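Novice:
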Amino acid sequence: RRPGTLAAVIGVGHAGPVAVDLVADGPHAVVAGTTGSGKSELLVTWMAALAAAHPPEEATVLLVDFKGGAAFDPLLVLPHAVGLVTDLDGQGARRALESLRA
Numbered sequence: 001r002r003p004g005t006l007a008a009v010i011g012v013g014h015a016g017p018v019a020v021d022l023v024a025d026g027p028h029a030v031v032a033g034t035t036g037s038g039k040s041e042l043l044v045t046w047m048a049a050l051a052a053a054h055p056p057e058e059a060t061v062l063l064v065d066f067k068g069g070a071a072f073d074p075l076l077v078l079p080h081a082v083g084l085v086t087d088l089d090g091q092g093a094r095r096a097l098e099s100l101r102a
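With the UniProt record's numbering as the guide, the letters of the sequence shown map in order to residues 1 to 102.
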């Protein structure tokens, strides 16, 4: 781990480990794909790898899942997870969206 990075290994490619660094690659990402293509699995892998590589003082995550929230349940035990917002919690979803606009 290099100081000043938020890198996490998310898989292995032909040339070796594939990492995403939220500092070097940018603070935003889009994960797109059809139903069943593994989007949620990728996000769980990414967040678990981020937590394994960095202490909660360096990286925290607010999990947002508008398909009920079950996909991110394994991440809720991590000290990095500050909460989970789902479509089942209308008021929580509104508060989360408002905080993102701030």
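Where a beta carbon is used, it is the ideal one built from N, C-alpha and C, also for glycine. Predicted, not measured: the structure shown is a model, and the values here were computed from it.
Count Cβ pairs between the region 32-39 and the region 49-64 that sit closer than 8 Å; are there 3 or more?
Specialist: no
Novice: Given the structure, does residue 13 come close to the ligand ZN, in the sense that its CB is under 7 Å from one of the ligand's heavy atoms?
Specialist: As for the ligand ZN, it is missing from this structure, which has no ligand bound.
Novice: How far does the beta strand (DSSP E) with residue 86 in it reach, from first residue to last?
Specialist: 81-86
Novice: Should residue 51 go down as buried or exposed, given a rule of 16 or more other Cβ atoms within 10 Å for buried?
Specialist: buried
Novice: Does the region 41-48 come within contact of the region 72-81, defined as at least 3 CB pairs closer than 8 Å?
Specialist: yes
Novice: Between the C-alpha atoms of residue 98 and residue 91, what's the straight-line distance to the nearest angstrom?
Specialist: 11 Å
Novice: Near residue 7, what residues of its chain come up, given a Cβ to Cβ distance below 6 Å and the 5 sequence neighbours on each side ignored?
Specialist: 19, 21
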